[in-house]
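Read the structure below first, then the notes.
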Amino acid sequence: MKRGDDRARPVGHDRTHPARDTALRRVAREARPFLRARTGAILRLSGWSLLEFAQTFLSGYGVARALDDGFLAGRPATGLLWLAVAAVAVLPSVLAARGVFGRLADLVEPLRDGLVRRAVARALSGALGRSGDVSTRSLSQVTHQSEIARDGWAGLVLTLRSFVFTAAGAVTGLLALSPALLLIVLPPLVLGSALFLGTLPPMAARQRAYLAADEAYAAHAGELAASVRDIAAAGTAGRTVAESRALADAQLAASRSLARWSAVRVVALAVCGRFPPLLLLLGAPWLLRNGLTPGGLVGALTYLTQALAPAVQALMTMLGTAGGRLVVVLDRFTNAPPPPADEPAPATSDGSPPPPRNSARNIPVAELHEVTFAYGPRAHPVLDRLSLAVGAGEHLAVVGPSGSGKSTLAAVLAGTERPTGGTVRWRGRPARPADATSVRVLLPQHAYVFSGSLRDNLRYLRPDARDREIAAMADAVGLDTLLSRLGSLDAAVEPDRLSQGERQLVALGRAYLAAPPLLILDEATSRLDPAAETRAELAFATLPGALVVVAHRLSSARRADRTLVMDGPRTRCGTPGELLRSSALYRDLSGLWEPEEADAVPEQHVPEEARREQRRLGEERAIRSTPPPSPV
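Heads up, the sequence shown is in my numbering, so the first residue is 23 and it goes up one at a time.
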């Protein structure tokens, strides 16, 4: 078993610190060259936005001059003139909207075109280089996600442009009225903005955590709905309920954390939008004593309520909603695609070099690479960085004391349990629930048999099986005695009237007919006598797929090509002879289990094909165990 001698490393930790490479940083790296290439468009957009700067400046300054130089000075005509100037200043900013949107297209459309080209190129390279769900993901990127990116980018550019030039116009106007105004106005604006910007990273993290918890619960619910019969047959309802409760609690905790940070964001908006006018009114006596005119005070309130507060509110709203969504979508385009299928394969569990990739038969049916599994965030791992490869036609036995993780390994290998670290591959591809029915069959200790005919029970995994195939299966597996007792394949099966061993024979026959690429027997023959168990395992050994047997008799391990000895996270793999020399646990188990002679099967009950396979395996083991000739 390939286990590193170094200490366990946190999942996702390596020399490049990928956890620090956030989505915002990845998007920013891609955005810098994009923006540099469009400096001209940004300058033209800024030129049109100068009209908005002028309109903001004149709105407050015109009101101040109208009061101080006009109405309060007894010159109403002058006051009306200044108000007219402030009103007329709105017209150029309205006319500039056409120019702004024209320049906006120079920034937005190239972004969408580039994202579409990137998605199409990735889809083509993925289709040529590897299989998977690349086409579905790329279709979503070309149609839906690229439009989200375009709309979000356009809204962000418009809002950011408006905030920059509106804030610049307001600050310039406040300076023109009285520099002392900035001592009261700027501190709450800076404090609120800093508080808001400080909430962006944790809010993004909490949003991702909430989405991940929601997706995990949805995936668990989908798998649960499709596995109710298996859960009932395996007797794992209690553990399933505990897993559902844990996922629901995680989703609730993530939503509460997100709500707490949302409350902080509300406080930041209040500090920016509500505090400056309030502080200005509280500081009005001091300002008036230090040279601020009444018109300047009203003009400052105009800047705060009509320009700065709406601009800050719009910017924070945009950054908090569309901005976060834009970063997530762009990260989907900028993030590196999954590695191609010809990446280096992990070494096999016995330390031998990986099988060659140039033969379909040599591609492992199932692989575990650095797999870790624990039943809770603080629980000790049952599997600890376990690497294992099971090839087509290989027979692997798994042995170990009770509670050592044998059933957990079977569940992870079958895809019914997700590892907390590492990867699981089936036939060279990442294991997916959608591929489970076409790749593997997992038989638990408690076999599932339903009320109906024997034919329907046996054809449950392969509805098109013919009667002659069922007859050959019954002779190979040892189901002929039960078939004779029931009378025919159309005989009604009542599960309560079958023994545990007969139920296991029905499940074994069902799996034999299906002949999956990967068959996992999790003590699925524990209710059979030694002779029936041997007959069934030898029959499965003749099938072309891989066979993994969680053994409860030593004879099962001796019939296998390799044996995996498990003692919690400590594992060792090899042939029986190698394990007798290298594994003290295997030697102890050999002394506790019944001798191999008790498991012998009468020769006439073993199919001829199985006998030939047994003789071939025996000859290969004899050749491997023969020591080399000693030198003279």
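In this text, a Cβ means the ideal position worked out from N, Cα and C, and glycines have one as well.
- For A558, the closest of S510, A494, P386, M588 by C-alpha to C-alpha distance is A494.
- Per DSSP, reduced to three states, the secondary structure at G96 is coil, with no helix or strand assignment.
- Straight-line spacing of the CA atoms in V499 and S548 works out to 15 Å.
- For secondary structure counted as the alpha helix (DSSP H) over 4 or more consecutive residues, the segment 544-579 holds these complete runs in sequence order: 552-563.
- Rounded to the nearest whole angstrom, the CA to CA distance from R228 to A272 is 12 Å.
- The beta carbon of T394 lies closer than 7 Å to those of P403, L405, D406, R407, P441, T442, G443, G444 in the same chain, with the five residues before and after it left out.
- If you check the CB distance, L204 and L196 come in under 8 Å.
- Using a 10 angstroms sphere on the CB of F56, the tally of other CB atoms stays under 16, which defines it as exposed.
- The bridge partners DSSP lists for E389 are A411, R447.
- The beta carbon of L269 sits closer than 6 Å to the beta carbons of A238, Y239, H242 from its chain, once the five residues preceding and following it are set aside; these are given in chain order.
- Counting C-beta pairs closer than 8 Å gives three or more between the segment 97-112 and the segment 81-88, which meets the contact rule.
- Rounded to whole angstroms, the Cβ separation of G413 and V387 is 6 Å, and the two are in contact under 8 Å.
- With a 10 Å radius around the Cβ and a threshold of 16 neighbouring Cβ atoms, N479 comes out buried.
- One thing to note: A554 has its Cβ no nearer than 8 Å to the Cβ of L483.
- For A419, the enclosing beta strand (DSSP E) has its first and last residue at 417-421.
- CA-to-CA, the gap between A106 and S81 works out to about 10 Å.
- Secondary-structure assignment with DSSP links R462 through a beta bridge to L540.
- In the structure shown, F472 falls within a coil segment according to DSSP collapsed to helix, strand and coil.
- Shown here for P566: same chain residues with a beta carbon closer than 7 Å to its own, the five before and five after excluded, namely A414, G415 in chain order.
- Taking Y608 as the centre and dropping the five residues before and after it, the same chain places the C-beta of V587, L601 closer than 6 Å to its C-beta, in chain order.
- Just so you know, the alpha carbons of V130 and I64 end up roughly 11 Å apart.
- For the pair R584 and T564, the CB atoms are not nearer than the 8 Å cut-off.
- For A76 and A111, the gap between their C-alpha atoms comes out near 7 Å.
- In the structure shown, the three-state DSSP call for A513 is coil.
- Counting of Cβ neighbours within 10 angstroms places T503 among the exposed residues, the total staying below 16.
- Its Cα nearest to that of N312, the residue S200 stands out among S279, Y232, S200.
- Distance from R447 to E392 at the Cβ level is roughly 12 Å; contact not present, criterion being Cβ atoms closer than 8 Å.
- Residue pairing by DSSP places L405 opposite F395 in a beta bridge.
- For the pair of segments examined, the segment 284-300 was found to touch the segment 327-341: the number of CB pairs separated by less than 8 Å reaches three.
- Judged by DSSP secondary structure, L314 falls outside any alpha helix (DSSP H); it is assigned neither H nor E.
- For T593, DSSP records a beta bridge to M588.
- Of all alpha-carbon atoms in A561, L530, L73, A496, the one lying nearest the alpha-carbon of G191 is that of L73.
- By the Cβ-count criterion, S521 is exposed, with fewer than 16 other Cβ atoms from all chains shown falling within 10 Å of its own Cβ.
- Residue burial is scored here from C-beta neighbours: S284 has fewer than 16 other C-beta atoms within 10 angstroms and is therefore classed as exposed.
- Each residue's CA atom was taken as its position, placing A336 and A202 some 27 Å apart.
- DSSP places P307 in the helix class (H, G or I) of the three-state scheme.
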